[in-house]
Amino acid sequence: MELDLDESSLAIGRIERALSRIEKALADRASRPAAAIAAPAADQSALKAEVAAVIGELDRLIAEAGRG
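Taking the numbering used here, the leading residue of the sequence shown gets 23, the next gets one more, and so forth.
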């Protein structure tokens, strides 16, 4: 399956939004008081899911670029 320009643009948009969410989560974590430094498991899981989504989209784009 070859990605067309519209699909590539959508994938890039998903990556940008996920990176923005990751950036916000890290900024929020940095602004927490010292007592709350240990991130709750839900926060860590959400952040890991965002990172995995970005990696998946990048892998997909790279694979398609290699074939196209």
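We put the beta carbon where it would ideally sit given N, CA and C, even for glycine.
State buried or exposed for S64, treating a residue as buried only when at least 16 other CB atoms are found within 10 Å of its CB.
For this step, residue 64 is matched to residue 42 along the sequence shown. A small correction: the amino acid at residue 64 is Ala; Ser does not occupy that position in the sequence shown. It is exposed - the Cβ of A64 has fewer than 16 other Cβ atoms within 10 Å.
Classify E38 as buried or exposed, calling it buried when 16 or more other Cβ atoms lie within 10 Å of its own Cβ.
Start at 1 with the first residue of the sequence shown, and residue 38 comes out as number 16. Exposed, because fewer than 16 other Cβ atoms sit within 10 Å of the Cβ of E38.
Give the C-beta separation of R36 and E79 to the nearest angstrom, bearing in mind that I take them to be a contact with Cβ-Cβ under 8 Å.
Here the question's residue 36 lines up with position 14 in the sequence shown. Here the question's residue 79 lines up with position 57 in the sequence shown. About 6 Å separates the two Cβ atoms, so the contact holds.
When the distance is taken between beta carbons, is L27 closer than 7 Å to A47?
Residue 47 sits at position 25 when you count from the first residue of the sequence shown. Residue 27 sits at position 5 when you count from the first residue of the sequence shown. The answer is no: Cβ separation not under 7 Å.
To the nearest angstrom, how far is it from the Cα of L32 to the Cα of D81?
Residue mapping note: residue 32 aligns to position 10 of the sequence shown, counting from 1. Residue mapping note: residue 81 aligns to position 59 of the sequence shown, counting from 1. Taking the straight line joining both Cα atoms gives about 15 Å.
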